[in-house]
Amino acid sequence: MRYVSTRGAAPALAFDDVLLAGLARDGGLYVPESWPRLSAADLRSFSGLEYAELAERIMTPFVGGRVEAGVFTRIVRETYAAFEHGAVAPLRQLDGKTWLMELFHGPTLAFKDVALQLLGRLYDHVLRQRGQHVTIVGATSGDTGSAAIEAFRDRPAVEIFMLHPYGRVSEVQRRQMTTVAAANVFNIAIEGTFDDCQDLVKAMFNDLAFRDELNLSAVNSINWARVMAQIVYYVWAAVALGAPERPIAFAVPTGNFGNIYAGYGARQMGVPIERLIVGSNRNDILTRFFGSGRMQIETVQPSLSPSMDIQVSSNLERLLFDLYDRDGAAMAQAMASFRRNGQLAIGDARWQAARALFDAYRCDDKETLAAIASLHRQTGELIDPHSAIGVAAAHLGAKGDGIPVVALATAHPAKFPDAVERATGQRPPLPARLADLFDRPERVEILPNDLRAVQAYIRDRRLKGAA
Ligand SMILES: *Cc1c(COP(=O)(O)O)cnc(C)c1O
-7 MRYVSTRGAA PALAFDDVLL AGLARDGGLY VPESWPRLSA ADLRSFSGLE YAELAERIMT
53 PFVGGRVEAG VFTRIVRETY AAFEHGAVAP LRQLDGKTWL MELFHGPTLA FKDVALQLLG
113 RLYDHVLRQR GQHVTIVGAT SGDTGSAAIE AFRDRPAVEI FMLHPYGRVS EVQRRQMTTV
173 AAANVFNIAI EGTFDDCQDL VKAMFNDLAF RDELNLSAVN SINWARVMAQ IVYYVWAAVA
233 LGAPERPIAF AVPTGNFGNI YAGYGARQMG VPIERLIVGS NRNDILTRFF GSGRMQIETV
293 QPSLSPSMDI QVSSNLERLL FDLYDRDGAA MAQAMASFRR NGQLAIGDAR WQAARALFDA
353 YRCDDKETLA AIASLHRQTG ELIDPHSAIG VAAAHLGAKG DGIPVVALAT AHPAKFPDAV
413 ERATGQRPPL PARLADLFDR PERVEILPND LRAVQAYIRD RRLKGAA
């Protein structure tokens, strides 16, 4: 299995190189050269497997022998044994045609654990084997930071530095990052906004001397291995609800198009997915794109679902690559023009092709609260604001054709207790394993929004750590 860049000018790479590279050198994203196919007989044979067994079966062709089979089996088993629920991604039926798939039973209570827990272990193995050491630098407004820190803590070949905007992340999210007592974890609170944090990270990656000196690495949602790990739960739900005989639809709260693109991957592999329904918050670039065939950047507005407050959906480039018939040069041109003008029109034929599979709905804060309240009234379940957008999109996108719709629950309600309480009057408690979160000591360095100061801090801590 080889991976090619969506912009056509970077070398094709094997799995382990794509894992560590993140972004391709031509600015593109890596995708598999061709999709492994699952036959109807394969899908039937998956019935009754445990999550980790299924995960191994689905991911093995993508790894392409670059991690020895026995080691990969162990890594996948360990990854999903770290989840609190025995089913890893349990399904709950909400009504006659709607299910909720709970993806928040990992260590940090958000779906990002499903992929990042695997990534941490894969990095550890590949780096040890190569005798290499990397410095992971990232910016977070909440969920990504805690999931990445939990995944890379105590891994000897890695130091992780996570930037968050000082005073601008929720207390639960901050504490999930700053209370991790591991010598290779460094939290930096920047006196600035999330955009300032992102700009600092970009500037560090663009400083090639610094980048090479510290061997910088990124684990944001464009990393191929994250997509690969997410494909598994789409297959899991489809098989549980009757694939290959019965088709299925998914409704996904998404901003970066990372989660739902994995659903597209499952469909390319042969899973009978009839529809993929995008749920956006008020930052609705994706909903506008699927409604018009045009992508247009607007300014980010804060919402009750902060993990979807983004302006540019990076992973959409992977879908566009297929819509542009995998023509890397055409993609490079389209993306350059998008960057210049802040807009991109893909043309009617491509838009129709996208519409044949994707549907998209927008849900503002008021509708989000209403969706939380309504589900609570009907079923007694508490859901977080991101998951509520998935459930709302599932209802809006249901076609009355009897096809089951699975809404993806991407965060535990206790991660966003204020919104849940506002909608229902009930404050969801933290699960027992996090119950003492507010008593644990915090470790964080507050730094000015200044590139040199941040670089000096990272260089100093990194060199001490490696010594
Ligand atoms: C990251 C995140 C999302 C959005 O994920 P995408 O990569 O944009 O699809 C949705 N919900 C929660 C809780 C998240 O943490």
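Residue numbers for the sequence shown follow the numbering used here, beginning at -7 and rising by one.
By construction, the Cβ of each residue, glycine as well, lies at the ideal position given by its N, Cα and C atoms.
Excluding its 5 nearest sequence neighbours in each direction, PHE249 has C-beta neighbours in its own chain below 6 Å: SER305, ASN307, LEU308, listed in chain order. Assigned with DSSP and collapsed to three states, ASN179 falls in strand.
Relative to ligand 1, the beta carbon of ASP146 is positioned no closer than 8 Å to any heavy atom. Straight-line measurement puts the Cα of LEU83 at about 12 Å from the Cα of HIS97. Per DSSP, reduced to three states, the secondary structure at TYR449 is helical. Looking from the CA of ARG145, the closest CA among GLN121, GLY134, LEU108 belongs to LEU108. Taking THR170 as reference, the option from ARG444, MET323, LEU429, ASN441 with the minimal CA-CA separation is LEU429. Under a 10 Å Cβ-count criterion, LYS358 is classified as exposed, with fewer than 16 other Cβ atoms of the shown protein chains found around its own Cβ. Here the C-alpha atom of SER26 lies approximately 20 Å from the C-alpha atom of ALA33. Relative to the non-hydrogen atoms of ligand 1, the Cβ of HIS125 never comes closer than 8 Å to any of them. Relative to GLN222, the option among LEU21, ALA254, ASP199 whose CA is nearest is ALA254. By the neighbour-count definition (other C-beta atoms within 10 Å, threshold 16), LYS194 is an exposed residue. Only exposed fits ALA175, as fewer than 16 other CB atoms lie within 10 angstroms of its CB.
According to the DSSP assignment, LEU312 belongs to the alpha helix (DSSP H) that extends over 308 to 315. Cβ-Cβ separation between LEU400 and LEU95: approximately 6 Å, consistent with a contact (criterion under 8 Å). DSSP, reduced to helix, strand and coil, places PRO239 outside both helices and strands of the structure shown, so it counts as coil.
With a threshold of 8 Å, the Cβ atom of ASN215 does not count as near ligand 1, since no heavy atom of the ligand is closer than that. Membership of TRP343 in the alpha helix (DSSP H) is indicated by the continuous run 340 to 347.
When the beta-carbon positions are compared, ALA411 and PRO440 stay at least 9 Å from each other.
In this structure, the straight-line span from the alpha carbon of ILE375 to that of ALA61 is close to 38 Å. Contact annotation: ARG218 and ASN273 have beta-carbon atoms that are not nearer than 9 Å.
In this structure, ligand 1 has a non-hydrogen atom nearer than 8 Å to the beta-carbon of GLY247. Restricted to the segment 373 to 408, the alpha helix (DSSP H) segments that are unbroken, complete and at least 4 residues in length are 377 to 389, listed in chain order. The C-alpha of ARG435 is placed about 42 Å away from the C-alpha of ALA230.
Within the DSSP bridge table, the entry for ARG84 names LEU92 as partners. For ILE265, the enclosing beta strand (DSSP E) starts and ends at 265 to 272.
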